[in-house]
Amino acid sequence: MSLIVKSTRERVVKLSIATVLCFGLAVWCWYDAFYKESMKESSRQFNLYAVPVLIVLGGVALFFAIKAVRFRIEADDQTGLSINGQAPIPWSSITDIDTSILSKKGYLFVKYRDPQDREVSLKLDEFNLDYFDELYAMIRSKLSLPADSPVESESSPTA
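Going by our numbering, the first residue of the sequence shown is number 2, and it counts up by one from there.
Have a look at this one:
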């Protein structure tokens, strides 16, 4: 069985909105700086300096939006985890899963050995990946890890 995990639609939409806002504000500031007649000189200077900053921020947001759209994890029963079509991480090379921060922050670290026998860590974020629960269940089953115990709530003080 193969599982394909991509970035959430919400993440892609947020990054796309940030891109459009930055480029749109750059155009607006450029218009204000050059074509608006009744404007203080300090406002005109702000608009002139804001244009390149907004273009750079828009470019960065566009880069991350494209990266989020293209992101893809393939989890296969035989080969392991493949990220963006790279060579798969075999199940046998995965050494540990650090879930200490999963319930608090929503991500975990998969620790594995790369072909050069170095310890490498892969961050999987619950809020940025579709089918995160299925991926986590597959990793646990392939590594023969026990199912997670339910999160214990803090006990209320007795009166």
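Ideal Cβ positions, reconstructed from N, Cα and C, are used throughout, including at glycine.
Cβ-based neighbour list, residue i, same chain, cut-off 8 Å, excluding 5 preceding and 5 following
i          : result
residue 61 : none
Residues of its chain near residue i, where Cβ-Cβ distance is below 7 Å and the 5 sequence neighbours each way are ignored
i          : result
residue 17 : 66
residue 12 : 69 and 129
Cut-off 6 Å between Cβ atoms - residues of its own chain near residue i, not counting five sequence neighbours on either side
i          : result
residue 57 : none
residue 78 : 2
residue 83 : 75 and 89
residue 42 : none
Exposed unless 16 or more other CB atoms sit within 10 angstroms - verdict on residue i
i           : result
residue 133 : buried
residue 48  : buried
residue 139 : buried
Nearest candidate by alpha-carbon position, reference residue i, set the options
i           : options             : result
residue 23  : 32, 54 and 10       : 54
residue 94  : 10, 122, 102 and 86 : 122
residue 124 : 136, 27 and 51      : 136
residue 71  : 28, 143, 5 and 144  : 5
residue 26  : 37, 39 and 51       : 51
CB of residue i within 9 Å of CB of residue j, strictly
i           : j          : result
residue 106 : residue 96 : no
residue 73  : residue 81 : no
residue 19  : residue 59 : yes
Pairwise C-alpha distance: residue j and residue i
i           : j           : result
residue 131 : residue 120 : 26 Å
residue 1   : residue 98  : In this structure the chain extends from 2 to 160, so residue 1 is not present and cannot be described.
residue 14  : residue 64  : 13 Å
residue 44  : residue 101 : 50 Å
residue 8   : residue 108 : 14 Å
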